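Chemist:
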Amino acid sequence: TEQNDQEERGALIVFEGLDRSGKSTQAKRLVEKIINSGRMAVLQAFPDRQSPVGEMIDRYLRGEIDMDEHALHLLFSADRFLKKKMIKQHIAQGVDVVCDRYCYSGVSYSLAKGLPEDWVRVTDQGLPKPDIVLFFQVSPEVAASRGGFGNERLETAQLQAEVAKVMPTLRDDAFWKSVNADAALAAVEKEVFQLYTELDRSKPLDVLEKI
Ligand code: T5A
Ligand code: NA
Numbered sequence: 003t004e005q006n007d008q009e010e011r012g013a014l015i016v017f018e019g020l021d022r023s024g025k026s027t028q029a030k031r032l033v034e035k036i037i038n039s040g041r042m043a044v045l046q047a048f049p050d051r052q053s054p055v056g057e058m059i060d061r062y063l064r065g066e067i068d069m070d071e072h073a074l075h076l077l078f079s080a081d082r083f084l085k086k087k088m089i090k091q092h093i094a095q096g097v098d099v100v101c102d103r104y105c106y107s108g109v110s111y112s113l114a115k116g117l118p119e120d121w122v123r124v125t126d127q128g129l130p131k132p133d134i135v136l137f138f139q140v141s142p143e144v145a146a147s148r149g150g151f152g153n154e155r156l157e158t159a160q161l162q163a164e165v166a167k168v169m170p171t172l173r174d175d176a177f178w179k180s181v182n183a184d185a186a187l188a189a190v191e192k193e194v195f196q197l198y199t200e201l202d203r204s205k206p207l208d209v210l211e212k213i
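Numbering-wise (full-length UniProt numbering), the sequence shown opens with residue 3 and increments by one.
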């Protein structure tokens, strides 16, 4: 019933995958589709380039400033923790929170750069745990053919290849779902919305352990 729909909690939905796999495009489309279907939803990109912390990250990514890699890793995590309260509040109020990247990008890119594994894996501990990770799987050839590739400092073929090896190792079948991101926009959109409709909101939002 409508009454029950309103009492249901929001869901935490995370898009992860390599650069140019289509995450931002589809995260935006999902939010629009959720709202059109009568629920409430918000979009949160990580890094949040609009925030003070995200602005520092943005300047690093665009090559304007240099930064120690440990400091950069912590800024990415801090950026997420600064949104923790907002995420929890929205979810308690029945609003779905759609994240364009999350801690799995943080861990993957830092491991790919060779930062210490035990350290990298704990800095996001305590964040809200996603209900679902939509893992966008794109082939390197397709990703390279898409607009804008290679404009930012982490978009080198070598680092992308390393991230492509690391990210799948973080996969947890309990809540990760693969999406064929090589497909056409409409097909990806359909696959994402199907997975969205299968979400289970019966248990409370969980807390992230060590990744
Ligand atoms: N990072 C991030 C870390 O190192 N640690 C962290 O903790 C976090 C959170 C910036 C960088 O930061 C790193 C990872 C990144 O290197 P970002 O801001 O998400 O992260 O990066 P962006 O450059 O904004 O986005 P991406 O490169 O990840 O691209 P998307 O979002 O996957 O792809 P999207 O949607 O922008 O699409 C790319 C192009 O392809 C087209 C789109 O129109 C667009 O032109 N496209 C398609 N074309 C055909 N068919 C499809 N199905 C298509 N889908 C998209
Ligand atoms: Na993006």
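Built from N, CA and C at the ideal position, the CB exists for glycine as well.
No experiment lies behind these values; they were computed from the predicted model shown.
Restricting to Cα atoms, I'd like to know which of Leu-201, Val-190, Glu-191, Ala-163 is closest to Pro-142.
Modeler: Counted from its first residue, the sequence shown places residue 142 at position 140. Out of Leu-201, Val-190, Glu-191, Ala-163, Ala-163 has the C-alpha closest to the C-alpha of Pro-142.
Chemist: Could you please give the first and the last residue of the uninterrupted beta strand (DSSP E) stretch that includes Ile-15?
Modeler: The residue given as residue 15 occupies position 13 in the sequence shown. Counting along the chain, the beta strand (DSSP E) containing Ile-15 begins and ends at 14-19.
Chemist: Candidates Lys-205, Asp-202, Ser-180: which alpha carbon is nearest Glu-193's?
Modeler: Here residue 193 corresponds to residue number 191 of the sequence shown, with the count starting at 1. Ranking the options by Cα distance to Glu-193, first place goes to Ser-180.
Chemist: At the level of alpha carbons, what is the spacing between Arg-41 and Val-97?
Modeler: Mapped onto the sequence shown, residue 41 falls at position 39. Mapped onto the sequence shown, residue 97 falls at position 95. Those two C-alpha atoms are separated by around 7 Å.
Chemist: What did DSSP end up calling Phe-138 once you bin it into helix, strand or coil?
Modeler: Locating residue 138 in the sequence shown gives position 136, counting from the first residue. Correct three-state label for Phe-138: strand.
Chemist: Give the straight-line distance between the Cα atoms of Thr-3 and Ile-93, rounded to the nearest whole angstrom.
Modeler: By 1-based counting over the sequence shown, the position of residue 3 is 1. By 1-based counting over the sequence shown, the position of residue 93 is 91. Reliability of the predicted coordinates at Thr-3 is poor, the pLDDT of 43 falling under 50, and no value is obtained from them.
Chemist: In chain order, which continuous runs of the beta strand (DSSP E) of length 3 or greater are located wholly inside the region 66-133?
Modeler: Qualifying beta strand (DSSP E) stretches, in chain order: 97-102.
Chemist: So what does DSSP say about Asn-153, is it helix, strand or coil?
Modeler: Numbered from 1 along the sequence shown, position 151 holds the residue referred to as residue 153. If DSSP states are grouped into helix, strand and coil, Asn-153 belongs with coil.
Chemist: Quick check on the burial criterion: 16 or more other C-beta atoms within 10 angstroms. Buried or exposed for Ala-188?
Modeler: In the sequence shown, residue 188 corresponds to position 186, counting from 1. Looking at its Cβ environment, which holds fewer than 16 other Cβ atoms inside 10 Å, Ala-188 is exposed.
Chemist: Which residues in the same chain as Val-140 place their Cβ atom closer than 8 Å to its Cβ, once the five residues preceding and following it in sequence are excluded?
Modeler: Here residue 140 is taken as the residue at index 138 of the sequence shown, counted from 1. Result list for Val-140: Gly-19, Leu-20, Arg-22, Ser-23, Gly-24, Ala-183, Asp-184, in chain order.
Chemist: Below 8 Å on the Cβ atoms is my guess for Cys-105 versus Leu-129; work out the distance and round it to an integer in Å.
Modeler: As a first step, residue 105 is located in the sequence shown; it is residue number 103 there, counting from the start. As a first step, residue 129 is located in the sequence shown; it is residue number 127 there, counting from the start. The pair is a contact, with the Cβ atoms about 6 Å apart (cut-off 8 Å).
Chemist: State whether the region 27-38 contacts the region 77-85, with contact taken as three or more CB pairs (one from each stretch) at a distance under 8 Å.
Modeler: No, they do not touch.
Chemist: Indicate the three-state DSSP secondary structure (helix, strand or coil) for Gln-52 in the structure shown.
Modeler: Locating residue 52 in the sequence shown gives position 50, counting from the first residue. Coil at Gln-52, not helix or strand.
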